[in-house]
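Trainee: Numbering of the sequence shown is given in our numbering, commencing with residue 8 and proceeding in unit increments.
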Amino acid sequence: PPYTADGLGTWWERVDQVAAFERDPEAFCSGNWAGDIDWALLAVAPPSCMREWAVLAEDGGYRVVQR
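(1) Rounded to whole angstroms, what is the Cα-Cα separation between residue 80 and residue 51?
(2) Assuming contact is defined by CB atoms lying nearer than 7 Å, are residue 71 and residue 64 in contact in what I supplied?
(3) So the candidates are 48, 58 and 59; which of them puts its Cα closest to the Cα of residue 78?
(4) Since I believe residue 74 is in contact with residue 46 (beta carbons under 8 Å), could you give me their beta-carbon distance rounded to a whole number of angstroms?
(5) For residue 33 and residue 42, what's the separation of their Cα atoms in angstroms?
(6) Compare the Cα-Cα distances from residue 69 to each of 60, 53, 59 and 58 and report the closest residue.
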């Protein structure tokens, strides 16, 4: 976690986003901020907008995908 108050709010926002995406992976595809992401570590099946991404690694139910 970050050590400054400014960074802490952003960090918790990201933690909440990850939790939301784990509950509903398709939520990742709705929203324009997702365009800034080039790779992801997923514990769930990739959402529809990531299905064409390359799988770089997969182990223990997790996978790393890259645009």
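Cβ coordinates follow ideal geometry from the N, Cα and C atoms, glycine included.
Mentor: This is what the structure gives:
(1) Outside the shown range of the chain, which is 8 to 74, sits residue 80, and nothing can be said about it.
(2) yes
(3) Outside the displayed span of the chain (8 to 74) sits residue 78, for which this structure offers no information.
(4) Contact between residue 46 and residue 74 holds: their C-beta atoms lie close to 7 Å from each other, under 8 Å.
(5) 14 Å
(6) Sorting 60, 53, 59 and 58 by C-alpha distance to the C-alpha of residue 69 places 53 at the top.
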